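Colleague: Per numbering that gives the first Met the number 0, the sequence shown starts with residue 0, numbered consecutively. Just so it is clear, CB atoms sit at the ideal spot from N, CA and C, and this is done for glycine as well. The structure presented is a predicted model; accordingly, all values stated were derived computationally and were not measured. Following this message is one structure expressed as structure tokens.
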Amino acid sequence: MISRDKAPTAQETFMQMAQAAGLRGRLLVTVGILILVRLGIFLPVPGIDRPRFAEAISGSNSIFGLLDIFSGRGLSTLGVFALGILPFINASIIIQLLTAAIPSLENLQKNEGEAGRRKISQITRYVTVVWAILQSTAFSALFLQQFALKPGPIFVAETAIALTAGSMFVMWASELITERGIGNGASLLIFVNIVASLPKALGDTIDLVQVGGRETVGRVIVLVLVFLATIVGIVIVQEGMRRIPIISARRQVGRRVLAEQRSYLPLRLNQGGVMPIIFAAAILSLPLLIANFTKNADLANIVNTYLSPSGSSSWVYALVYMISIVFFSYFYSSLILNPVDVAQNLKKMGSSIPGIRPGKATSEYIERVSNRLTFLGAIFLGLVAIIPTAVESALNVKTFRGIGATSLLILVGVAIETAKQVQTYVISQRYEGMVK
Numbered sequence: 000m001i002s003r004d005k006a007p008t009a010q011e012t013f014m015q016m017a018q019a020a021g022l023r024g025r026l027l028v029t030v031g032i033l034i035l036v037r038l039g040i041f042l043p044v045p046g047i048d049r050p051r052f053a054e055a056i057s058g059s060n061s062i063f064g065l066l067d068i069f070s071g072r073g074l075s076t077l078g079v080f081a082l083g084i085l086p087f088i089n090a091s092i093i094i095q096l097l098t099a100a101i102p103s104l105e106n107l108q109k110n111e112g113e114a115g116r117r118k119i120s121q122i123t124r125y126v127t128v129v130w131a132i133l134q135s136t137a138f139s140a141l142f143l144q145q146f147a148l149k150p151g152p153i154f155v156a157e158t159a160i161a162l163t164a165g166s167m168f169v170m171w172a173s174e175l176i177t178e179r180g181i182g183n184g185a186s187l188l189i190f191v192n193i194v195a196s197l198p199k200a201l202g203d204t205i206d207l208v209q210v211g212g213r214e215t216v217g218r219v220i221v222l223v224l225v226f227l228a229t230i231v232g233i234v235i236v237q238e239g240m241r242r243i244p245i246i247s248a249r250r251q252v253g254r255r256v257l258a259e260q261r262s263y264l265p266l267r268l269n270q271g272g273v274m275p276i277i278f279a280a281a282i283l284s285l286p287l288l289i290a291n292f293t294k295n296a297d298l299a300n301i302v303n304t305y306l307s308p309s310g311s312s313s314w315v316y317a318l319v320y321m322i323s324i325v326f327f328s329y330f331y332s333s334l335i336l337n338p339v340d341v342a343q344n345l346k347k348m349g350s351s352i353p354g355i356r357p358g359k360a361t362s363e364y365i366e367r368v369s370n371r372l373t374f375l376g377a378i379f380l381g382l383v384a385i386i387p388t389a390v391e392s393a394l395n396v397k398t399f400r401g402i403g404a405t406s407l408l409i410l411v412g413v414a415i416e417t418a419k420q421v422q423t424y425v426i427s428q429r430y431e432g433m434v435k
């Protein structure tokens with residue numbers, strides 16, 4: 000009989016982490032870099048009236064609130080790392096989109112192996128530099144100048160250079176975590192920044208309960224239960240997948256005849272992760288940004304009425320938000336999974352899906368199953384994005400407004416992936432010990 004190794008328990012995992020020198024070193028590198036990046040958020044950019052700037056950010060309903068959460072309140076404090084990892088994330092998304100549209104990039108990703116992936120990583124870094132310069136310059140010129148002590152071209156240039164340099168350092172730190180630490184560096188930086196905003200939200204909630212009395216306690220409990228139910232749902236959907244059975248044909252290698260093998264093709268319920276929500280939130284924030292920059296009162300009134308979660312016609316915002324999430328879920332799923340390529344690869348390997356003819360029939364079947372899963376995952380994402388915000392507004396408990404659906408998805412997703420990687424290291428250490 001062949002026994003399967005069980006996944007290590009939490010106690011075994013911590014014991015292995017304490018004993019394994021390699022894993023312990025990776026953990027120390029990860030923790031040290033995360034602390035260094037957090038400290039950089041509080042290095043101030045000079046020449047800005049900070050109290051007035053922080054007040055404007057806290058009262059904004061635009062995308063700046065979401066960006067402030069992702070930067071660990073670095074945007075509201077306006078530190079050198081205010082942009083954080085966001086230019087790198089944006090550049091990665093741009094390269095993913097271009098890879099599907101430009102054949103040369105697609106060839107690098109599919110056919111060039113490790114050398115191609117390194118080349119794409121290098122291109123992503125260049126795009127990050129350009130994007131950080133554009134973003135920091137636009138941010139300094141269009142928004143920060145109204146809070147500058149001495150506005151002008153020199154202020155814009157100095158601030159843009161400082162923010163770009165900080166963003167480049169954060170990108171280097173994230174890559175260092177990915178190479179020499181544990182987990183994905185960019186994801187962990189966003190994870191830590193979101194966690195850093197939790198103490199303030201909890202403190203504000205405690206103050207609200209102390210002032211409001213029993214009725215407020217009940218409303219806070221209901222909101223916490225909604226958040227817990229949302230987290231459970233996110234875990235289930237993040238781990239949910241459809242396993243399509245695959246049969247490999249009998250093969251002859253030399254004199255040996257290998258029997259047919261059975262495996263499965265995993266299709267995740269939520270292919271795009273948190274990206275559809277980020278795309279939808281960015282698109283819905285554009286009208287408000289345009290209204291703020293153009294100072295158009297009529298446009299601002301329309302946007303605040305119909306495209307704001309706190310507007311009088313917030314159901315329009317919810318409907319548009321849901322439709323946007325569904326659209327971007329299908330769009331991002333099409334970038335990740337190509338049914339034609341999967342069908343061709345199965346045919347080359349001599350594998351097939353039981354009851355489905357190889358080739359076009361297989362690609363159509365995979366596309367049909369993928370579309371159904373994407374629809375279910377998109378509806379779930381839409382509900383996760385809308386329900387917590389709606390419950391907060393209905394209960395009038397707004398202390399957790401920054402910790403929305405996007406933050407919850409990132410927290411749960413990164414925690415699951417990092418825990419899996421730690422367990423992988425623990426299991427590898429166990430096998431190395433058995434071999435020795």
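Would GLY78 pass as a contact of GLY39 if the rule is Cβ separation under 8 Å?
Modeller: Here the question's residue 78 lines up with position 79 in the sequence shown. Here the question's residue 39 lines up with position 40 in the sequence shown. It is a contact, given that the beta carbons lie within the stated cut-off.
Colleague: Please classify MET348: is it buried, with 16 or more other beta-carbons within 10 angstroms of its beta-carbon, or exposed?
Modeller: Position 349 of the sequence shown holds residue 348. Answer is exposed; the Cβ neighbour count stays below 16.
Colleague: Anyone know if the C-beta pair for GLN260 and GLY412 falls short of 8 Å?
Modeller: Stepping through the sequence shown from its first residue, residue 260 is reached at position 261. Stepping through the sequence shown from its first residue, residue 412 is reached at position 413. Not in contact: GLN260 and GLY412 (Cβ atoms no closer than 8 Å).
Colleague: Taking the beta carbon of ARG356 as the centre, do at least 16 other beta carbons fall within 10 Å, making it buried, or is it exposed?
Modeller: For the purposes of this step, residue 356 is taken as the residue at position 357 of the sequence shown. Result: exposed.
Colleague: Just tell me which of THR361, TYR331 and MET274 has its CA closest to the CA of ILE246.
Modeller: The residue given as residue 246 occupies position 247 in the sequence shown. Selected option, being the one with the closest Cα: THR361.
Colleague: Relative to the alpha-carbon of ALA228, which residue among PRO387, LEU42 and GLY21 has its alpha-carbon at the smallest distance?
Modeller: Your numbering for residue 228 matches position 229 in the sequence shown. Ranking the options by Cα distance to ALA228, first place goes to PRO387.
Colleague: Helix or strand or just coil, what does DSSP make of ARG356?
Modeller: By one-based count along the sequence shown, residue 356 stands at place 357. ARG356 falls in the coil class under three-state DSSP.
Colleague: How far does the alpha helix (DSSP H) with GLN209 in it extend, from its first residue to its last?
Modeller: As a first step, residue 209 is located in the sequence shown; it is residue number 210 there, counting from the start. Unbroken alpha helix (DSSP H) run through GLN209: 197 to 211.
Colleague: DSSP three-state label for MET240, please.
Modeller: Counting from 1 along the sequence shown, the entry for residue 240 is found at position 241. Residue state, collapsed to three classes: strand.
Colleague: Am I right that ILE84 and SER173 are in contact with their C-beta atoms under 8 Å? What's the rounded C-beta distance?
Modeller: Here residue 84 refers to the residue found at position 85 of the sequence shown. Here residue 173 refers to the residue found at position 174 of the sequence shown. For ILE84 against SER173, the beta-carbon gap comes to about 6 Å, under 8 Å, which counts as contact.
Colleague: In this structure, how does DSSP classify ALA81 when only helix, strand and coil are distinguished?
Modeller: Locating residue 81 in the sequence shown gives position 82, counting from the first residue. In the structure shown, ALA81 sits in coil (DSSP, three-state: anything other than H, G, I, E or B).
Colleague: Going by the CB atoms, is the gap between THR417 and ALA88 shorter than 8 Å?
Modeller: In the sequence shown, the residue the question calls residue 88 occupies position 89. In the sequence shown, the residue the question calls residue 417 occupies position 418. First, the residue type needs correcting, since residue 88 is Ile and not Ala in the sequence shown. No, they are not a contact pair.
Colleague: Strictly by DSSP, which residues pair up with ARG267?
Modeller: To locate residue 267, count along the sequence shown from 1; it is residue 268. For ARG267, which the question treats as bridged, DSSP gives the partners MET240.
Colleague: Can you grab the Cα-Cα spacing for the pair ALA303 / THR123, in whole Å?
Modeller: By one-based count along the sequence shown, residue 303 stands at place 304. By one-based count along the sequence shown, residue 123 stands at place 124. Note that residue 303 corresponds to Asn in the displayed sequence, not to Ala. If you take the alpha carbons of ASN303 and THR123, they lie about 36 Å apart.
Colleague: Return helix, strand or coil for ILE181, following the three-state DSSP convention.
Modeller: Residue 181 sits at position 182 when you count from the first residue of the sequence shown. Three-state result, ILE181: coil.
Colleague: Going by the beta-carbon positions, is the gap between SER333 and ALA377 smaller than 8 Å?
Modeller: By 1-based counting over the sequence shown, the position of residue 333 is 334. By 1-based counting over the sequence shown, the position of residue 377 is 378. Against a cut-off of 8 Å, the Cβ pair of ALA377 and SER333 comes out as no contact.
Colleague: Decide if the segment 95 to 105 is in contact with the segment 142 to 160; the criterion is three or more beta carbon pairs, one per stretch, under 8 Å apart.
Modeller: no
Colleague: Give a yes or no on whether the C-beta atoms belonging to ILE324 and ALA279 are separated by under 8 Å.
Modeller: Residue numbering aside, residue 324 sits at position 325 when the sequence shown is read from its first letter. Residue numbering aside, residue 279 sits at position 280 when the sequence shown is read from its first letter. Cβ distance < 8 Å, so ILE324 and ALA279 count as in contact.
Colleague: State the Cα-Cα distance for the pair THR423 and LEU22, rounded to the nearest angstrom.
Modeller: Counting from 1 along the sequence shown, the entry for residue 423 is found at position 424. Counting from 1 along the sequence shown, the entry for residue 22 is found at position 23. Spanning the two alpha carbons is a distance of roughly 11 Å.
Colleague: Using the DSSP secondary-structure output, state which residues sit across from ARG261 in a beta bridge.
Modeller: The residue given as residue 261 occupies position 262 in the sequence shown. Beta-bridge pairing links ARG261 to ILE246.
Colleague: Take LEU188 as the anchor and find which of VAL128, GLN420 and ALA414 has the nearest alpha-carbon.
Modeller: The residue you call residue 188 lines up with position 189 of the sequence shown. Nearest of VAL128, GLN420 and ALA414 to LEU188, Cα basis: ALA414.
Colleague: By DSSP, does ILE47 sit in helix, in strand, or in coil?
Modeller: Reading the sequence shown from its first residue, position 48 is the one you call residue 47. Here ILE47 sits in strand by DSSP.
Colleague: Report the partner residues of SER351 according to the DSSP bridge assignment.
Modeller: As a working note, residue 351 is residue 352 in the sequence shown. Answer by DSSP bridge pairing, in chain order: ILE246.
Colleague: Among all the DSSP beta bridges, which residues are the ones paired with ALA147?
Modeller: One-based indexing of the sequence shown puts residue 147 at position 148. Looking at the DSSP assignment, ALA147 forms a beta bridge with ILE47.
Colleague: Considering only C-alpha positions, which residue in the set LEU318, ASN110 and GLY239 is nearest to ALA384?
Modeller: As a first step, residue 384 must be located in the sequence shown, where it is residue number 385. Answer by Cα proximity: LEU318.
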